[in-house]
Amino acid sequence: MKTFKKWSSTVLAATLVMSMLPVQQPVFAQEQQAEQTTNPGSGSIATVKQNGSPLNADFEDGTLQGWLPRIGSEKLTVSQQAAHQGTYSMLVTNRERSFHGPMLPMKGLLKQNTTYNISVYVKLTEKPATDQTIQLTAYKKNGAESWNMLDKVTIPKDDWQQWQKITATFQYSDNPEELNLFIETPYVSDDTVDTLSFYVDDVAIEEAGELAIETDIPSLQDLYQSEFPIGAAVYRWQLEGAYGQLLTKHFNSLTATYEMKPKFVSPANGVYDFKASDEYVGFAQKHQMGLRGHALLWHIDAAEWMFKDDQGNPASRELLLSRIQNYVDTVMKRYKGKIYAWDVVNEAIADSNGDANGLRKSPFYELIGPDYIEKTYEFARAADPDAKLYYNEYFTEIPEKREHMYQLVKRLKDKGLIDGVGLQSHYNLESPPIDEIEKTINLFAGLGLDIQITELDVDSGIPFGEKLPQDVAVKQAYRYKELFDLYQKYSDVISSVTLWGLQDEKSYNNQAFLFDAALQSKPAYWGLADESSLPVLTNRAVTLSGTPNTKAAKQDPLWNKAVSTALKGNSGTAAFRTLWDTNNLYVLVDVKDTTKHSKDKVELFIDANNGKTPVYEADDRHITISRDGKGTGAKPNTYRVREAADGYQVELSIPLSDAPGILAREIGLDVRVTDDGNSGAEGKQILYWNDRTLTQDQDTSKYGVIQLASMPKSAKAIQGMVAIDGEKDAKWSKAAPFQITPLNQSGGATAEARAMWSGQDLYLFVDVTDPQIITDATDPWDQDSIEIFLDENHQRTPFYQYDDAQFRISADNVATFAGSASSGRLESAVKRTSKGYQLEAKISLQSLMPKEGQVMGLELQINDNQGDNNKGTAKWNDLTNDSWKNTSQYGILTFSSK
Numbered sequence: 001m002k003t004f005k006k007w008s009s010t011v012l013a014a015t016l017v018m019s020m021l022p023v024q025q026p027v028f029a030q031e032q033q034a035e036q037t038t039n040p041g042s043g044s045i046a047t048v049k050q051n052g053s054p055l056n057a058d059f060e061d062g063t064l065q066g067w068l069p070r071i072g073s074e075k076l077t078v079s080q081q082a083a084h085q086g087t088y089s090m091l092v093t094n095r096e097r098s099f100h101g102p103m104l105p106m107k108g109l110l111k112q113n114t115t116y117n118i119s120v121y122v123k124l125t126e127k128p129a130t131d132q133t134i135q136l137t138a139y140k141k142n143g144a145e146s147w148n149m150l151d152k153v154t155i156p157k158d159d160w161q162q163w164q165k166i167t168a169t170f171q172y173s174d175n176p177e178e179l180n181l182f183i184e185t186p187y188v189s190d191d192t193v194d195t196l197s198f199y200v201d202d203v204a205i206e207e208a209g210e211l212a213i214e215t216d217i218p219s220l221q222d223l224y225q226s227e228f229p230i231g232a233a234v235y236r237w238q239l240e241g242a243y244g245q246l247l248t249k250h251f252n253s254l255t256a257t258y259e260m261k262p263k264f265v266s267p268a269n270g271v272y273d274f275k276a277s278d279e280y281v282g283f284a285q286k287h288q289m290g291l292r293g294h295a296l297l298w299h300i301d302a303a304e305w306m307f308k309d310d311q312g313n314p315a316s317r318e319l320l321l322s323r324i325q326n327y328v329d330t331v332m333k334r335y336k337g338k339i340y341a342w343d344v345v346n347e348a349i350a351d352s353n354g355d356a357n358g359l360r361k362s363p364f365y366e367l368i369g370p371d372y373i374e375k376t377y378e379f380a381r382a383a384d385p386d387a388k389l390y391y392n393e394y395f396t397e398i399p400e401k402r403e404h405m406y407q408l409v410k411r412l413k414d415k416g417l418i419d420g421v422g423l424q425s426h427y428n429l430e431s432p433p434i435d436e437i438e439k440t441i442n443l444f445a446g447l448g449l450d451i452q453i454t455e456l457d458v459d460s461g462i463p464f465g466e467k468l469p470q471d472v473a474v475k476q477a478y479r480y481k482e483l484f485d486l487y488q489k490y491s492d493v494i495s496s497v498t499l500w501g502l503q504d505e506k507s508y509n510n511q512a513f514l515f516d517a518a519l520q521s522k523p524a525y526w527g528l529a530d531e532s533s534l535p536v537l538t539n540r541a542v543t544l545s546g547t548p549n550t551k552a553a554k555q556d557p558l559w560n561k562a563v564s565t566a567l568k569g570n571s572g573t574a575a576f577r578t579l580w581d582t583n584n585l586y587v588l589v590d591v592k593d594t595t596k597h598s599k600d601k602v603e604l605f606i607d608a609n610n611g612k613t614p615v616y617e618a619d620d621r622h623i624t625i626s627r628d629g630k631g632t633g634a635k636p637n638t639y640r641v642r643e644a645a646d647g648y649q650v651e652l653s654i655p656l657s658d659a660p661g662i663l664a665r666e667i668g669l670d671v672r673v674t675d676d677g678n679s680g681a682e683g684k685q686i687l688y689w690n691d692r693t694l695t696q697d698q699d700t701s702k703y704g705v706i707q708l709a710s711m712p713k714s715a716k717a718i719q720g721m722v723a724i725d726g727e728k729d730a731k732w733s734k735a736a737p738f739q740i741t742p743l744n745q746s747g748g749a750t751a752e753a754r755a756m757w758s759g760q761d762l763y764l765f766v767d768v769t770d771p772q773i774i775t776d777a778t779d780p781w782d783q784d785s786i787e788i789f790l791d792e793n794h795q796r797t798p799f800y801q802y803d804d805a806q807f808r809i810s811a812d813n814v815a816t817f818a819g820s821a822s823s824g825r826l827e828s829a830v831k832r833t834s835k836g837y838q839l840e841a842k843i844s845l846q847s848l849m850p851k852e853g854q855v856m857g858l859e860l861q862i863n864d865n866q867g868d869n870n871k872g873t874a875k876w877n878d879l880t881n882d883s884w885k886n887t888s889q890y891g892i893l894t895f896s897s898k
C-alpha cells in the first residue's frame, strides 16, 4: 500500500509544519552568464516585453526576453519544435537537479504593493516514465532568503504532448534585495538527479484587480471582545493595503508567520536582521494590537550556524547553550514590553520515535541533551521577567502525544518557568472530535496554565484555485462555529485565539480560513458572525443490517454493533443507533437524564423517500414516544421504553411500508429529545441531530440522511493475556479464528487471526501462509507484512479520526505507523514457520477501555510481495485498498469474557 506515506505520523507532522513556510532550498549562485540560441541567429539577453501593464514572454521575437539560466549549466534556447501559440517557445534542457531551470529577475519589473496574476504554459519534450510536476517558485532575498512555491501542475505521463497551464497569484510588497521567478520541479534534496526537459511559452504577469474589504460587516474582534483577543498570523505583505485593512478591522492580536524565527532573525554568527521584526512591532503598536513572538527555538527554522563551531565541527553542549542564551537575551531584551507573549520552544515532542519522554531527537537534543528545553526557558525568564512564556505544539489531541506534552509542561510549571501552552489547532472538517479538543483544554487548564489557541485553521480539503463547493464551505462554517463555541465555554482559561492566516492563499493550505483570496467573507466567517444565516447542514450516518429482538426486556446485544451518533444541544446528552432489515428500520435512542419528568420525550422524524421537501408528503412520519411509555404515530407493540440508572432508552421498529430495505437506500431521518426538567426555552432543553431550527414536524428538507449498509464480518476477542514472544500459546486455542483471504482471484498469501484482550490492551495472533518471504523492498508496504487497522470508537467514517490507527509489522518484525499509531503503543514478535510466518502483537488502546459486549472496528491486511514486481493483498472484511484512510468498511471485533 504505497499510499501509506500519506498517513505516516512523521510525514503528517512534516506536512503540517512545512506547509506553514515557504519551500526551503539551498542557496545557489544566481548571476550566471546566459547561453542563448536565438532565431534566426544569436543575440544578447533581451528585456521582458512590456505591453502596458502585462509582462509578456512569448519568445516570438527569437529571444529569451529576459529569462536566464538559474544555475548556469542549464541550456535555454528559443525553439520552433513546439509552441503553445505562434511559432516559438523556450526549450529548457541540460538540467541536472530539481532546482535547475529558467529564472526571471523580477525586481524592477513589478510595482510595489501590487498583486499580480501569473500564468505560464509548459510542455514536456518526451514521454516520462512517471507523472511529472513542474512548479513556479518565487525567490526573495531580504537579508534572509525565502522560496515560496506559488503553484504547480502535475502532468500525467500519457499527457506529455499537451500544454499545461500553471497559474499563480503573487503579492509584491516588501522591496527585497533580490526577487526572481523560477520554473522548476519540486525540490527533494541537493543531490537528487532530475534531468527533465520541457518547453515554456506564453508567460503572462499581469496586475490583478484592486482588492477591497467589506467594511459593513461585524468585526471579529468586537464579536469576541468580552472573551478573548482574536489574532492572525501574517506575512509582512499582509500588513499593507487591503490586507492590512482586513487585519486591523477584524483582529487585535498579531503573529509573524515565519520572519521572527531564528533562521531569519540571525542568519549568520554575530549577524542579526531585525528589519522584519521591527515592522511587525511597529504595526502592532500603531494599531494597538497584542504581538505574540513566534518562536525563539524551533528545530526546523533554527539558526543553523549555531550547530557548528568555528572549525565546522558539531558545536559542544556549552557552545550551543551559550549561543541560545545570547540569541534569546538579544531578541527578548530588544522587544521587552513590546511583545507580550513568546513561544519559547516550538514542537519539541516527537510524533513517533522520540526518547522515553517523547522528546524529538532534534539537533538541540542531540548536542545538548533533553534539558535544552528547560535551559531555554531559564534564559527567556531571565531576559524578560514580565513576558508570558508558552510552549507551542501541534497534534495535542492525540492522547499519547498529549500526555508527553503534559509531563513536559508540568515539569516546567513546577519550576516556575512557563506561563501557558499554545495549542496550534490545525484541524480538518471532521477531526479531531470536539470532545478530544475539550479534553486537551481541561488537561492543561488543570495545571493552572494559561491556554492560547495559536495556529487555528480548518482545512477544507479543496486545494486553492479550485472552487470551494457550497456544502464544503457550509461544513467548514459549522466546524469553526463549534470550535469557537468551545473556546467561549472556556474563555476563563483561554486568553487568545489566533488563526494561522488572514485569508485563503496559495502558499499555505486548502482554503482553511474565514476570508477568501479576494478578502471577502466566507460562510466560515458567518458561522461566527451570524449562524442563522447558514443553511442547515445535512449530516449523514450509516445503518448496518440486522434484526434486533425488540420484544426483550433487555437490550439485544446486536445493538452494540450499530454505530452510535450523538445529538446536539447546549446541554444534555443523548445518542441514537439504527439497524435495518427488508421490512423495518430499527431505532434505539439513549438519553442521559437522571430526573424523570412527565413531558420528557423522544421524537423521530422519517422521510422514507428522502425527498427533502418543505412540507410533509405521504411517506413522511412524526413519531413521539414519551418517557412514561405513551406514543403517537407508532403502534403500541412496535416500541419499548426502558429506564436506566442514568436515564432512559427508547427502542422501536418502523415498518418500511413504502419500499423494502435494500443496500445503499437512503432515508431521511431526524431525532429530537426533550428534557422537560431542564432550564431553557419555555423551561425545556431540546437536543437534535440535524435540524437546528427545530422545524422537523413540518419540513423534511433539513433532516439528516442514513444509508443502509451491510453488516460486516465479526470476530470475538476473548479475555486473557499472553507473553509476546511469537509463539502460539495454549491460550490462543481458546480464541475463535477468523480468516484473511486474497483480494485477487489468482491467490497469494492467506492468514488466520485470533484476538484477545486484557485491561486496555488488545492482543492479536496472525498466522500467515506465504511460502516466499520478501522483506528487502525499499518501501515498507511492498515488503511482506501485516497491517492492523483500528477504529476504536466504531464510527465507520470515510476518513480517519484521531482514534484511528494503522500498524504495519513486517515479516522481519520491523514496524511502521500511521494515524494515531506509534511505537509506544506496540509490542510485537514475529517467528518464521515452515509455511510462512506468524505475528504476535499487543497494542495499547488509547480511547477505549473495553468491557464485555463492547465493539470496535478492526481490519487486517496481508501484504504479499511475490517477486518480479508482482504483489498480492489479503484482507479480512474491507475489499478496498483504502483502509489507510477510510474506516467505513472495517470488520467488527466484539470483546467477550469467554
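Quick note: the sequence shown uses this note's numbering, first residue 1, plus one each step.
Don't be surprised by glycine CBs; every beta carbon is placed ideally from N, CA and C.
Since we're looking at a predicted model, the values are computed, not measured.
Residue closest to residue i, alpha-carbon to alpha-carbon, out of the options
i: A473; options: P176, A204 and P523; result: P523
i: W559; options: P469, T543, G569 and G647; result: T543
i: F807; options: P314, S425 and L764; result: L764
i: S98; options: E482, H84 and S73; result: S73
i: L585; options: A634, T613, A574 and T573; result: A634
Where residue i falls, given that 16 or more other Cβ within 10 Å makes a residue buried
i: I662; result: exposed
i: P176; result: buried
i: D471; result: exposed
i: D600; result: buried
i: L694; result: exposed
i: G270; result: exposed
i: T130; result: exposed
i: A348; result: buried
i: V193; result: exposed
i: D435; result: exposed
i: A168; result: buried
i: A681; result: With a pLDDT of only 47 at A681, under 50, the local geometry of the prediction cannot be trusted, and the value read off the model is given with reservation. Per the 10 Å Cβ criterion, exposed.
i: N886; result: buried
i: A735; result: buried
N-terminal and C-terminal residue of the alpha helix (DSSP H) that residue i is part of
i: D414; result: P399 to D414
Cβ-Cβ distance between residue i and residue j below 9 Å
i: Y688; j: L567; result: yes
i: S253; j: G231; result: yes
i: R642; j: T550; result: no
i: A751; j: I786; result: yes
i: I774; j: K898; result: no
i: S146; j: Y258; result: yes
i: A753; j: A715; result: yes
i: I843; j: D791; result: no
First and last residue of the uninterrupted beta strand (DSSP E) at residue i
i: I494; result: I494 to L499
i: I667; result: E666 to D675
i: S828; result: L826 to R832
i: P742; result: F738 to P742
i: G922; result: With the chain represented from 1 up to 898, any question about residue 922 goes unanswered, as that position is not in the structure.
i: D459; result: D450 to D459
i: L839; result: G836 to S844
I want to know whether the region 383-391 touches the region 333-351 - three or more CB-CB distances under 8 Å. Contact check between the region 383-391 and the region 333-351: three or more CB pairs, one atom from each, fall below 8 Å, which counts as touching.
Does the region 810-826 touch the region 872-881, meaning 3 or more C-beta pairs lie closer than 8 Å? At 8 Å Cβ cutoff, the stretches do not touch.
Is it the case that the region 861-879 contacts the region 736-749, given that we only count it when at least three CB pairs across the two stretches are under 8 Å? Contact between the region 736-749 and the region 861-879 is present, with at least three C-beta pairs closer than 8 Å.
Does the region 122-130 come into contact with the region 203-223, if we say contact requires no fewer than three beta-carbon pairs (one atom in each stretch) closer than 8 Å? Pairwise C-beta distances place the region 122-130 out of contact with the region 203-223, as fewer than three of them are shorter than 8 Å.
Assess, as a yes-or-no matter, whether the region 700-720 is touched by the region 606-615 under the definition of 3 or more beta carbon pairs within less than 8 Å. Put simply, the region 606-615 touches the region 700-720. At least three CB pairs are less than 8 Å apart.
Taking one C-beta from the region 182-197 and one from the region 454-468 each time, how about it: are there three or more such pairs within less than 8 Å? By the Cβ rule, the region 182-197 does not count as touching the region 454-468, because fewer than three pairs are nearer than 8 Å.
Quick test of the definition: if touching needs 3 or more C-beta pairs under 8 Å, does the region 414-425 touch the region 445-455? Yes, since at least three Cβ pairs between the region 414-425 and the region 445-455 fall closer than 8 Å, the two stretches touch.
Quick test of the definition: if touching needs 3 or more C-beta pairs under 8 Å, does the region 244-253 touch the region 88-105? Cβ pair count under 8 Å is below three, so no.
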